[in-house]
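In this note's numbering, the protein residues as written are 303 to 432.
The following block contains the structure:
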């Protein structure tokens with residue numbers, strides 16, 4: 303019997319085209335694969351960063367809810383961006399502060415810059431303890 307439990311949050315399908323789970327749970331720890339700002343209606347990423355960031359946070363929340371967890375269970379969030387300029391970070395930080403308003407109760411976060419596939423401007427990966 304495997305210890306890994308694969309997690310997918312969309313009832314109508316998956317966001318990942320590749321044969322990998324959206325997340326894996328082992329015991330009380332959830333590890334996500336890359337979470338992109340893909341619109342489930344079109345299965346494409348919108349052209350603008352704001353929409354992609356909003357969708358990333360939405361997908362992360364829904365993914366956690368699918369295992370009876372919440373954003374409060376995230377201990378670390380890894381963010382990859384194509385451009386980590388102050389303008390791009392301000393969009394990310396807007397949603398970061400909306401999602402985690404208490405400065406004493408935020409997960410750790412690491413943001414890196416580099417190329418991403420498709421039309422992605424941003425991707426998340428998280429670790430949560432539930």
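C-beta: ideal position from N, C-alpha, C; glycine also.
Start and end residues, alpha helix (DSSP H) containing residue i
i	result
residue 391	388-401
residue 355	351-367
Top-ranked residue by Cα proximity to residue i, from the options
i	options	result
residue 395	333, 341, 358 and 307	358
residue 419	429, 307, 383 and 342	383
With 16 other Cβ atoms within 10 Å as the buried cut-off, status of residue i
i	result
residue 339	buried
residue 414	exposed
residue 392	exposed
Residue(s) in a DSSP beta bridge with residue i
i	result
residue 383	415 and 424
residue 378	410 and 429
residue 309	325
For residue i, the first and last residue of its enclosing beta strand (DSSP E)
i	result
residue 325	325-328
residue 372	It is not in any beta strand (DSSP E) - residue 372 carries neither H nor E in the DSSP assignment.
residue 334	331-334
Flag this pair as touching only if the region 397-406 and the region 325-339 have three or more C-beta atom pairs under 8 angstroms; answer yes or no. no
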